[in-house]
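Student: Mind having a look at this structure? Questions to follow.
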Amino acid sequence: MRLVPLAATLAALAVAAPGATAAKLHECQHPVRTGEEAYNLRHVTVKTACTFVRRLGRWLGADEKNYARLYGCHRPKPDEAGTPYLRTHYLFGWHLRNKGYVFTAYRGKSSFSVTGTDFPLNCT
C-alpha cells in the first residue's frame, strides 16, 4: 500500500471545497508517532474523535487482513488505480462513510474525518 502524503491530502481538501478554508487537523498522538489525525470535527470533541482514530489504527495494525475487511477497490483495469469503497459500515459505535477519498465517521449529528499515514483510503 502506497502512503499518501499529508500535503496531498490537504490539497485535495482545498480543491474539493473551493473558497473554503483548510480544515483544522488534530494530531491524535503526542509525541507524533503514526500520523493519526482527525479533522472537520462537527459536534464532537477532539478527545472523542481521537479515541476512535487511535482505536482504528490499533485495529488495522493488529492484523493486516483488517485493511481488506475495512475497504476494497473498484478498479477499471487490474493494473490501474481504483476508487475505494467500504466493506465495513459500522465500527466501534460509529457509522462509516467514504465519499471519494474522504473517510468519515458519524453518529447522529456528530461527525469527523480521518486522515494520516494510511488515509484517505488508498487504491493505487
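Residues 132 to 255 (this note's numbering) are what the sequence shown spells out, left to right. Don't be surprised by glycine CBs; every beta carbon is placed ideally from N, CA and C.
Between which two residues does the alpha helix (DSSP H) holding F234 run?
Tutor: Indexing the sequence shown from 1 puts residue 234 at position 103. No alpha helix (DSSP H) contains F234, which is instead part of the beta strand (DSSP E) from V233 to R238.
Student: Alpha carbon to alpha carbon, how far is T255 from G231?
Tutor: Your numbering for residue 255 matches position 124 in the sequence shown. Your numbering for residue 231 matches position 100 in the sequence shown. Straight-line Cα distance between these residues: approximately 14 Å.
Student: Give the DSSP-derived three-state secondary structure of F243 in the structure shown.
Tutor: Taking the first residue of the sequence shown as position 1, residue 243 is located at position 112. Note: F243 maps to strand in three-state DSSP.
Student: Any chance the stretch 174–189 sits against the stretch 239–246, with 3 or more Cβ pairs inside 8 Å?
Tutor: Verdict: yes, contact present.
Student: Can you check the stretch 184–223 for any beta strand (DSSP E) of at least 3 residues that lies completely inside it and give the ranges in chain order?
Tutor: Listed in chain order, they are 202–205 and 214–217.
Student: Can you tell me which residues form a DSSP beta bridge with K230?
Tutor: Here residue 230 is taken as the residue at index 99 of the sequence shown, counted from 1. BP columns for K230 point to V233.
Student: Could you check where the beta strand (DSSP E) with A169 kicks off and where it finishes?
Tutor: In the sequence shown, residue 169 corresponds to position 38, counting from 1. Taken as a continuous stretch (DSSP letters only), the beta strand (DSSP E) holding A169 covers E168 to R173.
Student: Nearest to G203 by alpha carbon, out of N229, H161 and L222?
Tutor: What you label residue 203 is simply residue 72 of the sequence shown in a count that begins at 1. The shortest C-alpha separation from G203 is found at N229.
Student: Between which two residues does the beta strand (DSSP E) containing H157 stretch?
Tutor: Your numbering for residue 157 matches position 26 in the sequence shown. Per DSSP, H157 belongs to the beta strand (DSSP E) from L156 to E158.
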